[in-house]
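Numbering (the numbering used here), first residue to last: 51 to 191.
Heads up, the beta-carbon is just placed ideally off N, CA and C, and yes, glycines get one too.
Quantities reported herein were computed from a predicted structural model and do not represent experimental measurements.
In what follows, a structure is listed as structure tokens, so that the remarks can point back to it.
Written out as structure tokens, the structure is:
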């Protein structure tokens, strides 16, 4: 159930050619933020204003997208606070992993000296295993 404060009549609609993209990015940010908050032990829920501050987006847009995410079954509203549902947790985790995937690759030179994938490769020339994160067509991690 969506709190009365988040009903459609209280939220200004998005206008302009970038409205759909802004809404999609906002939903991504909300799911990732709630996933991160829970994962870091800061709590399993947050109110709309705290979420808006965390994702640094317009509070009206955040409220609109919170209502959308509740409607899609990705968030649950408990009073004025929101938390991920099981489906929201899976989706938030997937989006979080996608967002930070490039930061999870092994940096050049981080392989152990006996790494079988880097053996015989001049590290000054670069290691395709370290750069791409792939080993023989399969992801290294």
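Item	Value
Closest residue to residue 74 among 153, 152, 145, 93 (Cα-Cα distance)	145
Contact belief for residue 128 with residue 152 at Cβ below 8 Å, rounded distance in angstroms	Wrong, their Cβ atoms sit about 35 Å apart, outside the cutoff.
Opening and closing residue of the beta strand (DSSP E) in which residue 95 lies	95-97
Classification of residue 92 by the beta-carbon crowding that lies within 10 angstroms, buried from 16 upward	exposed
Check whether residue 134 and residue 84 have beta carbons under 7 Å apart	yes
C-beta atoms of residue 116 and residue 76 nearer than 7 Å	no
Contact set for residue 109: own chain, Cβ-Cβ below 8 Å, skip 5 residues either direction	98, 99, 102
Three-state class that DSSP yields for residue 149 in the structure shown	helix
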